[in-house]
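Working notes for the structure below.
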Amino acid sequence: MPPTRSHIHDLVTAYLERHPAEAPLLAPLLQALDDGGDLTSRSTLPGHVTCSAVVVDSHRRVLHIRHNATGKLLAPGGHVEADDRSLLEAALREVHEEAGIPPGALCVTAAYSGLPFDIDVHDIDANPSKAEGTHQHYDFRFVLMLADDDVEISVQREEVSAAKWLAFDQVTSPTLRAKLCAWGLDGRMEPVNASALIHDGHGRYLLHLRDDLPGIWEPGAWSLLGGGREPDDTSLEDTIRRELREEAGLEPGVLEPFAVELATGTDGLTVPLQIFTTRWNGDPAGLTLTEGVMLAWFHPDAMPRLRLSPSTLDLVRQHAELSARSKAVASRPEALGPKAGSTSVPHIVGVHLYLERDGQVLLGLRHPASAYAGGTHHFLAGHCEQESAVACLVREAKEEAGLLIEPRDVELAHVVHMVDKPGAQPRIGFVFRARRWTGTPEVLEPDRCVSWGWWPADALPEPIVPYTRAAIEGIRAGRPYTELGWV
20 MPPTRSHIHD
30 LVTAYLERHP
40 AEAPLLAPLL
50 QALDDGGDLT
60 SRSTLPGHVT
70 CSAVVVDSHR
80 RVLHIRHNAT
90 GKLLAPGGHV
100 EADDRSLLEA
110 ALREVHEEAG
120 IPPGALCVTA
130 AYSGLPFDID
140 VHDIDANPSK
150 AEGTHQHYDF
160 RFVLMLADDD
170 VEISVQREEV
180 SAAKWLAFDQ
190 VTSPTLRAKL
200 CAWGLDGRME
210 PVNASALIHD
220 GHGRYLLHLR
230 DDLPGIWEPG
240 AWSLLGGGRE
250 PDDTSLEDTI
260 RRELREEAGL
270 EPGVLEPFAV
280 ELATGTDGLT
290 VPLQIFTTRW
300 NGDPAGLTLT
310 EGVMLAWFHP
320 DAMPRLRLSP
330 STLDLVRQHA
340 ELSARSKAVA
350 SRPEALGPKA
360 GSTSVPHIVG
370 VHLYLERDGQ
380 VLLGLRHPAS
390 AYAGGTHHFL
400 AGHCEQESAV
410 ACLVREAKEE
420 AGLLIEPRDV
430 ELAHVVHMVD
440 KPGAQPRIGF
450 VFRARRWTGT
460 PEVLEPDRCV
470 SWGWWPADAL
480 PEPIVPYTRA
490 AIEGIRAGRP
500 YTELGWV
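Start counting the sequence shown at 20; every next residue gets the next number (this note's numbering).
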């Protein structure tokens, strides 16, 4: 059964929420849908729907196919067929047929998922051999990332003659080219779903028995709780918190990014999953389950007897092994503190955010009454609590400035080992660069920071925290490490 009118209508409506200026262009399409026309049939005139796959590789290039009939370089695409359950499936079928790329070699983007990236309206000349008059195509274009750049391209010689990768600014379609050039897509796969590895701290893990119904992901199997990102989710942590709340009425505490798992969706696409870990030791029977059959605790050694994906079992075993190692280290005598007569001292661990935009670095002016560096410019920073350094950075960025940063977009840029004065407690400062972020810096903790500003990296403001300046200079010089204050 081909895609329904309501399915197409929903896609157009979601698309116009992002591109309201295109409403007049798509008004005839919406009117035809409201009138009950079959827009998926190529015999429907004066216009009907087609679908294209905008395949992007890690070098920010788009796959184009040269069509024999017209000689034009176009993205793989074509008409909807009766067996296509959705317009996205039609695009996937076309790229498989024309370029030999199977769905498993592709994944959607977190920003668009199964929504069209572009809807192009163009005129088609009459084709007497097919008894087709002049008409229009409403081409729904879906952005798909290559899961592996080494995928082999094998063109369908009956209709196309060659394949070519074109940079964004060389894409042949003007509307598609403009949208791609304006979008900060870097060509990398990114998680689009989130799942929670929930443990009780004593070796048990919470698993969810899914409904055994056709059309759902992993029917009848035990799995982790979780789901797909929705438009209102500001981050994947928001996604998993919403999913846990909706599926089981569960409100988790601290969520730690743990791993990214690659799964296969119901449409055959590769689905990158962000796995979070959290600790909870309640009774699953007391939760309100709205999806699936049941929730239950299991030890890893019992899980091989369950209907469970191998990748999920590997994740559980990996976490259990790490937990066992941590407990073993914590039980050693030296982990309880320094021995009598030892000169070792604890170090304060701080994390710092290095954001650079057009050669300028983000710095905050600390409140004059701040306990540390009052009235001085400094990185967005904070001390590690019971959390990893990256988790601390993500938390501080959101709490202090309203910036949303995904852990996968963070990399270590510099380390500063310092002491303010002889005999003072030493500090280790990790300076992390965020390659991407969402939001504009806001003053959310006015008792600590009174303003945020972008400053030229070669003309930093005064006064500035000395190790902040040293770290920025070290980053610009390519040095990974700086020591300050040591005699």
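Positions of the beta carbon are idealized from the N, C-alpha and C atoms, including for glycine. Quantities reported herein were computed from a predicted structural model and do not represent experimental measurements.
Checklist entry - Which of the three DSSP states, helix, strand or coil, is assigned to residue 34? => result Within the sequence shown, residue 34 is the residue found at index 15, counting from 1. Helix, per DSSP.
Checklist entry - Relative to the alpha-carbon of residue 81, which residue among 87, 93, 122 and 89 has its alpha-carbon at the smallest distance? => result Along the sequence shown, one-based indexing puts residue 81 at 62. Checked all of 87, 93, 122 and 89; the closest Cα to residue 81 is 93.
Checklist entry - For residue 402 versus residue 442, is the C-beta spacing smaller than 8 Å? => result Indexing the sequence shown from 1 puts residue 402 at position 383. Indexing the sequence shown from 1 puts residue 442 at position 423. Their beta carbons are not under 8 Å apart, which means residue 402 does not touch residue 442 by this criterion.
Item to check | At least three beta-carbon pairs within less than 8 Å, the region 404-419 to the region 485-504 | outcome: no
Checklist entry - Quick one: what's residue 475 bridged to in DSSP? => result What you label residue 475 is simply residue 456 of the sequence shown in a count that begins at 1. Answer by DSSP bridge pairing, in chain order: 379.
Checklist entry - How is residue 493 classed by DSSP in three states: helix, strand or coil? => result Reading the sequence shown from its first residue, position 474 is the one you call residue 493. Reduced to three states, the DSSP call for residue 493 is helix.
Next on the checklist: Just to check my reading of the structure: residue 386 and residue 468 have Cβ atoms closer than 8 Å, yes? What is that Cβ distance to the nearest angstrom?
Outcome noted: In the sequence shown, counting from the first residue as 1, residue 386 sits at position 367. In the sequence shown, counting from the first residue as 1, residue 468 sits at position 449. 6 Å between Cβ atoms; contact.
Next on the checklist: Which runs of the beta strand (DSSP E) at least 3 residues long sit entirely within the region 191-259? Give them in chain order.
Outcome noted: 212-218, 224-228 and 244-247
Next on the checklist: In this structure, how does DSSP classify residue 113 when only helix, strand and coil are distinguished?
Outcome noted: Counted from its first residue, the sequence shown places residue 113 at position 94. In the structure shown, residue 113 sits in a helix (DSSP, three-state: H, G or I).
Checklist entry - What residues in its chain sit with their C-beta under 6 Å from that of residue 105, if we drop five residues either side in the sequence? => result Translated into positions along the sequence shown, residue 105 becomes position 86. Closer than 6 Å at the Cβ level, and outside the excluded window around residue 105, lie 22.
Checklist entry - Name the DSSP bridge partner or partners of residue 386? => result Taking the first residue of the sequence shown as position 1, residue 386 is located at position 367. None; residue 386 has no bridge partner.
Next on the checklist: If the criterion is Cβ atoms closer than 8 Å, does the pair residue 437 and residue 382 meet it?
Outcome noted: Within the sequence shown, residue 437 is the residue found at index 418, counting from 1. Within the sequence shown, residue 382 is the residue found at index 363, counting from 1. No. Outside cutoff.
Checklist entry - Among 458, 462, 491 and 460, which residue has its Cα nearest to the Cα of residue 450? => result Taking the sequence shown and counting its residues from 1, one reaches residue 450 at position 431. Residue 450 has its Cα closest to that of 491, out of 458, 462, 491 and 460.
Checklist entry - According to DSSP, is residue 452 helix, strand or coil? => result Taking the first residue of the sequence shown as 1, we reach residue 452 at position 433. Looking at residue 452 - three-state DSSP - the assignment turns out to be strand.
Item to check | Inter-residue spacing [alpha-carbon to alpha-carbon] between residue 288 and residue 379 | outcome: Taking the first residue of the sequence shown as 1, we reach residue 288 at position 269. Taking the first residue of the sequence shown as 1, we reach residue 379 at position 360. For residue 288 and residue 379, the distance between alpha carbons rounds to 39 Å.
Next on the checklist: Buried or exposed for residue 251, going by 16 or more other Cβ atoms inside 10 Å?
Outcome noted: Start at 1 with the first residue of the sequence shown, and residue 251 comes out as number 232. Per the 10 Å Cβ criterion, exposed.
Checklist entry - Should residue 200 be labelled buried (16 or more other beta-carbon atoms within 10 Å of its own) or exposed? => result Within the sequence shown, residue 200 is the residue found at index 181, counting from 1. Exposed is the call here.
Checklist entry - Which class does residue 293 belong to by DSSP, given the choice of helix, strand or coil? => result Numbered from 1 along the sequence shown, position 274 holds the residue referred to as residue 293. Residue state, collapsed to three classes: strand.
Checklist entry - Just the Cα atoms here: how many angstroms apart are residue 539 and residue 86? => result Since the first residue shown for the chain is 20 and the last is 506, residue 539 is missing from the structure and cannot be characterised.
Item to check | Simplified DSSP assignment, three categories, for residue 403 | outcome: In the sequence shown, the residue the question calls residue 403 occupies position 384. In this structure, residue 403 counts as coil in the three-state DSSP scheme.
Item to check | Residue range of the alpha helix (DSSP H) that includes residue 413 | outcome: Against the sequence shown, residue 413 aligns to sequence position 394. Run containing residue 413: 408-420, per the alpha helix (DSSP H) assignment.
Item to check | Extent of the continuous alpha helix (DSSP H) to which residue 155 belongs | outcome: For the purposes of this step, residue 155 is identified with residue 136 of the sequence shown, where counting begins at 1. Segment 154-165 is the beta strand (DSSP E) holding residue 155; no alpha helix (DSSP H) there.
Item to check | Simplified DSSP assignment, three categories, for residue 435 | outcome: What you label residue 435 is simply residue 416 of the sequence shown in a count that begins at 1. Here residue 435 sits in strand by DSSP.
Next on the checklist: Let's test the definition: count the other Cβ atoms within 10 Å of the Cβ of residue 341 and tell me whether it reaches 16, buried, or not, exposed.
Outcome noted: Residue mapping note: residue 341 aligns to position 322 of the sequence shown, counting from 1. Per the 10 Å Cβ criterion, exposed.
Item to check | Buried/exposed call for residue 34, threshold 16 Cβ in 10 Å | outcome: The residue given as residue 34 occupies position 15 in the sequence shown. Classification for residue 34: buried.
Checklist entry - Near residue 306, which residues of its chain fall below 8 Å by C-beta distance, leaving aside the five closest residues on each side in sequence? => result Within the sequence shown, the letter at position 287 stands for residue 306. Taken in chain order, the residues that qualify are 267, 268, 269 and 314.
Checklist entry - Are the beta-carbon atoms belonging to residue 316 and residue 224 less than 8 Å from one another? => result Within the sequence shown, numbered from 1, the residue matching residue 316 stands at position 297. Within the sequence shown, numbered from 1, the residue matching residue 224 stands at position 205. The answer is yes: Cβ separation under 8 Å.
Item to check | Proximity of residue 277 and residue 227 at Cβ, strictly below 8 Å | outcome: Reading the sequence shown from its first residue, position 258 is the one you call residue 277. Reading the sequence shown from its first residue, position 208 is the one you call residue 227. Not in contact: residue 277 and residue 227 (Cβ atoms no closer than 8 Å).
Checklist entry - When you compare only the Cα positions, how much space is there between residue 65 and residue 144? => result Translated into positions along the sequence shown, residue 65 becomes position 46. Translated into positions along the sequence shown, residue 144 becomes position 125. Distance between the alpha carbons of residue 65 and residue 144: 12 Å.
Next on the checklist: At the level of alpha carbons, what is the spacing between residue 26 and residue 48?
Outcome noted: Numbered from its first residue, the sequence shown carries residue 26 at position 7. Numbered from its first residue, the sequence shown carries residue 48 at position 29. So the two alpha carbons sit approximately 13 Å from each other.
Item to check | Sub-8 Å separation of residue 211 and residue 127 beta-carbons | outcome: As a position in the sequence shown, residue 211 is number 192, starting the count at 1. As a position in the sequence shown, residue 127 is number 108, starting the count at 1. Yes.
Item to check | Contact under 8 Å by Cβ, residue 83 with residue 185 | outcome: The count along the sequence shown starts at 1 and reaches residue 83 at position 64. The count along the sequence shown starts at 1 and reaches residue 185 at position 166. In this structure, residue 185 lies closer than 8 Å to residue 83 by Cβ.
Checklist entry - For the beta strand (DSSP E) that contains residue 276, what are its first and last residues? => result As a position in the sequence shown, residue 276 is number 257, starting the count at 1. First-last of the beta strand (DSSP E) with residue 276: 275-283.
Next on the checklist: Whole angstroms are fine: how far does the CA of residue 329 sit from the CA of residue 179?
Outcome noted: The sequence position of residue 179 within the sequence shown is 160, counting from 1. The sequence position of residue 329 within the sequence shown is 310, counting from 1. Going by the C-alpha atoms only, they are around 40 Å apart.
Item to check | Cβ neighbour criterion (16 or more within 10 Å) applied to residue 505 | outcome: On the sequence shown, position 486 is the one that residue 505 refers to. Counting Cβ neighbours within 10 Å, residue 505 comes out exposed, since fewer than 16 surround it.
Next on the checklist: Mapping the DSSP letters down to three states, classify residue 328 as helix, strand or coil.
Outcome noted: Here residue 328 refers to the residue found at position 309 when the sequence shown is read from its first residue. The answer is coil: DSSP assigns residue 328 none of H, G, I, E or B.
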